[in-house]
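Student: Going by my numbering, 80 is the number at position 80 of the sequence shown; the sequence numbering is gapless. Think of the CB as a built atom: it goes at the ideal place given N, C-alpha and C, for glycine as much as any other residue.
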Amino acid sequence: MAREANDRDIPADDLYDVVVVGSGAGGMVAALVARHHGMRVLVIEKADHFGGSSALSGGNVWIPNNPVNVRAGVEDSLDDARSYLNAIVGDSSSSVRREAFLRAGPEVIGFLEQHTHWVRFQRVPGYSDYQPEQPGGRPEGRSIEPVPVDARALKAEGAHLNREDVLTPPGGLWITTAEYRDLMLIARTWRGKRQAVRIAIRSWFGRLRGRRMLALGAAGTARLRLAMMDADIPLLLGTALKDLLVDNGKVVGVVCEREGEISQIRARSGVILASGGFEHNASMRDEYQEAPITTAWTSGASGNTGDGIRVAVEHGATTSHMDRAWWGPSVLTNDGAFFILSERGLPGSIMVNAAASRFVNESAPYVTAVDAMYDGHRSGVGHIPAYLIFDQTFRNRYAMIATPPRRRLPREWIDDGTVVMAPTLRELAKKLDLDPDALDATVERFNGFARSGNDVDFGRGESAYDRYYGDPTNSPNPNLGTLGKPPFYAFRVVPGDLGTNGGLDCDEHARVLRADGTAIDGLYATGNCTSAVMGRSYAGPGATIGPAMTFGFVAARHLASLDRTEKAKL
1 MAREANDRDI PADDLYDVVV VGSGAGGMVA ALVARHHGMR VLVIEKADHF
51 GGSSALSGGN VWIPNNPVNV RAGVEDSLDD ARSYLNAIVG DSSSSVRREA
101 FLRAGPEVIG FLEQHTHWVR FQRVPGYSDY QPEQPGGRPE GRSIEPVPVD
151 ARALKAEGAH LNREDVLTPP GGLWITTAEY RDLMLIARTW RGKRQAVRIA
201 IRSWFGRLRG RRMLALGAAG TARLRLAMMD ADIPLLLGTA LKDLLVDNGK
251 VVGVVCEREG EISQIRARSG VILASGGFEH NASMRDEYQE APITTAWTSG
301 ASGNTGDGIR VAVEHGATTS HMDRAWWGPS VLTNDGAFFI LSERGLPGSI
351 MVNAAASRFV NESAPYVTAV DAMYDGHRSG VGHIPAYLIF DQTFRNRYAM
401 IATPPRRRLP REWIDDGTVV MAPTLRELAK KLDLDPDALD ATVERFNGFA
451 RSGNDVDFGR GESAYDRYYG DPTNSPNPNL GTLGKPPFYA FRVVPGDLGT
501 NGGLDCDEHA RVLRADGTAI DGLYATGNCT SAVMGRSYAG PGATIGPAMT
551 FGFVAARHLA SLDRTEKAKL
């Protein structure tokens, strides 16, 4: 229900040009751009920490033809990027919005490099697009990641950075995306061993000097927060969006709750929603998404309960793709859902359904893998949970869920059933309530594929993306290895996610739309509270953060242009 703005309820100190709701990458970029254009900006954040899901992520940014890659000599073009998105996204998102993303994306990185002291990125060499064989796809990848940064630069604000223990290596270690793949092969390659030694030495020296380095998504959000601090942009934590203020049909502010008090904050030019998805809202997930689904399976930030979507819908906004998420096969441990990425791609593991049959290329991009789980589950054969099965050879060679190779898996995982162990495949099948004969037959067929190097059923190892997380020392296929050495292990796998990605429909200027296609005056949105420009697909590593940053930039720039037009009329 619309709340009409009432100047008598708005203290003079709470008058701004723009209010940004949410402090993830998209929201902070929007704030920086608006401030650069001379606007008075406030960022409000529901949680008691900043960064949202961006801070919990790997921090990758997928933006084609970006300046970082151009300087590195990476060949790319607008035409190729357009062809790629057209091929993988099709009509599941607006071609006009895709064009806006492709054109503005490189400008975002250029803006941050030119107009902030802190925000810097580096290339992630070889991290392939997720469907590189499609027209315009890039096997060498388009992604960049934040340059690591010392947390001490944040000073007291560092205590408010959203952190996740599973992404924080022990002992003061810090690891970039570019280094992660090598570390997975520490027991297999000299490169992996050298990388581990280099990381250990730099971390040791860093500790001696009192450094507290951040990498991945934590580094990206820390750098954006430092830029906000330089620009003197205030951030109110613990401030939840409750409603929008409307004046003569235009959104001119927010109603929020802070420390139990309801207040109004005026935004003369408009409001930019960057409030995240609804992955932690059980009722919304039940309403919009396919069962089985639960908030316990997500890796998204805990404050993401769909507040921005709900409020905008109450003011006439329309939504799409609410059944979608940035899916990823996940294992449930005592520490929550663990998003399994490289483990599925390494040779010597398979994923099976309740019929003990493989149903997908295990090395496929994570969204593809979960789509296959739901597709199979609809057939009446249980695919949720599925089972990730591997043997002792795999354990001797590769890390598994942050447990280094050759080390015993945590005893509590065995005791609580997180991992199931057995001396034979047949006994493992019985413990999992699978048909032993069926599992034997599946493994025998798969082992034949591994020996020949050709996965006839699902083509595992054929894509450059598969091979990125494969083992180059394994022949004849870096993603295929036999299972045979006891004991055997299994994890139950569920359809987890990095956050939902269906939400508010927006135009090419990031304005929130009504069902009739008209824009709600003064209301903009970016990130996971919007219907993803990627539609029902996922272009590559960082295809969440790249568009979020881009449309935060687009929204603020459009608001600033309107602001200049209005001032010119005065």
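(1) Put Q195 into one of helix, strand or coil per three-state DSSP.
(2) Alpha carbon to alpha carbon, how far is A450 from T368?
(3) For the beta strand (DSSP E) holding G328, just list the boundary residues, first then last.
(4) With DSSP as the reference, please indicate the residues paired to M184 in a beta bridge.
(5) In this structure, does DSSP put W413 in helix, strand or coil?
(6) Under 8 Å between the Cβ atoms of Y127 and T189?
(7) Spatial neighbours of P423 within its chain, please: C-beta separation below 6 Å, excluding the five flanking residues on both sides.
(8) Would you mind reading off the limits of the beta strand (DSSP E) that contains P146?
(9) Check the DSSP bridge columns for S320 and list the partner residues they point to.
(10) Taking the straight line between their C-alpha atoms, what separation do you get for T482 and L346?
(11) Indicate the three-state DSSP secondary structure (helix, strand or coil) for P67 in the structure shown.
(12) Pull up the DSSP beta-bridge partners for F390, would you.
(13) Along the chain, where does the beta strand (DSSP E) that runs through E257 open and close?
(14) Hey, could you find the ends of the alpha helix (DSSP H) R35 is sitting in?
(15) Does the distance from the CB of D76 to the CB of N86 come in under 8 Å?
(16) Step through the CB atoms of chain D and report whether any lies within less than 8 Å of the CB of D437.
(17) For L214, list the residues DSSP reports as bridge partners.
(18) I'd like the ranges of any alpha helix (DSSP H) spanning at least 4 consecutive residues and lying wholly in the segment 39-100.
(19) Check whether the segment 554-563 touches the segment 35-42, counting contact only when three or more Cβ pairs, one atom from each stretch, lie closer than 8 Å.
(20) Pull up the CB-CB distance for R536 and H321, whole angstroms please, since I reckon it's below 8 Å.
(21) Which of helix, strand or coil does DSSP assign to D243?
(22) Using the C-alpha atoms, what's the distance from I272 back to G253?
(23) Can you give the Cα-Cα distance for G105 and G276, rounded to whole angstroms?
(24) Ends of the alpha helix (DSSP H) at Y469?
(25) Leaving out five residues before and five after E133 in sequence, what residues of the same chain have Cβ atoms less than 7 Å from its Cβ?
(26) Which one or two residues does DSSP pair with E261 in a beta bridge?
(27) Under 8 Å by Cβ, that's how I've got I144 and R163 pegged, so tell me the actual separation to the nearest angstrom.
(28) Of the choices A156, L15, G51 and D17, whose alpha-carbon is the least far from that of S23?
(29) For A47, tell me which candidate among E179, W204 and L237 has the shortest Cα-Cα distance.
(30) Quick check on M421: does DSSP put it in helix, strand or coil?
(31) Alpha carbon to alpha carbon, how far is V494 from Q289?
(32) With DSSP run on the structure shown, which of helix, strand or coil describes M534?
(33) Which residues share a DSSP beta bridge with F339?
(34) Between which two residues does the alpha helix (DSSP H) containing D522 stretch?
(35) Which residue marks the beginning of the alpha helix (DSSP H) containing V370, and which one marks its end?
(36) With burial defined as no fewer than 16 other Cβ atoms inside 10 Å of the residue's Cβ, what is the status of W174: buried or exposed?
Tutor: So, to answer that:
(1) helix
(2) 22 Å
(3) A325 to T333
(4) In DSSP, M184 forms no bridge with anything.
(5) helix
(6) No; because the gap between Cβ atoms is not below 8 Å, this pair is not in contact.
(7) P486 and P487
(8) S143 to P146
(9) G503
(10) 11 Å
(11) Reduced to three states, the DSSP call for P67 is helix.
(12) DSSP lists S349 and Y489 as partners of F390.
(13) K250 to R258
(14) A25 to H36
(15) no
(16) The structure shown has no chain D; it contains just one protein chain.
(17) V149
(18) 52-56, 67-71 and 78-89
(19) yes
(20) Going by Cβ atoms, the distance from R536 to H321 rounds to 7 Å, so yes, they are a contact pair.
(21) strand
(22) 10 Å
(23) 20 Å
(24) Segment: none, Y469 is in no alpha helix (DSSP H) and carries neither H nor E.
(25) Around E133: S463.
(26) R258
(27) The pair is not a contact, with the Cβ atoms about 22 Å apart (cut-off 8 Å).
(28) Considering only A156, L15, G51 and D17, the residue with the shortest C-alpha distance to S23 is G51.
(29) L237
(30) strand
(31) 15 Å
(32) coil
(33) S330
(34) Residue identity differs from the one stated: residue 522 is Gly in this sequence, not Asp. First-last for G522: A519 to A525, but that is the beta strand (DSSP E), not the alpha helix (DSSP H).
(35) Y366 to H377
(36) buried
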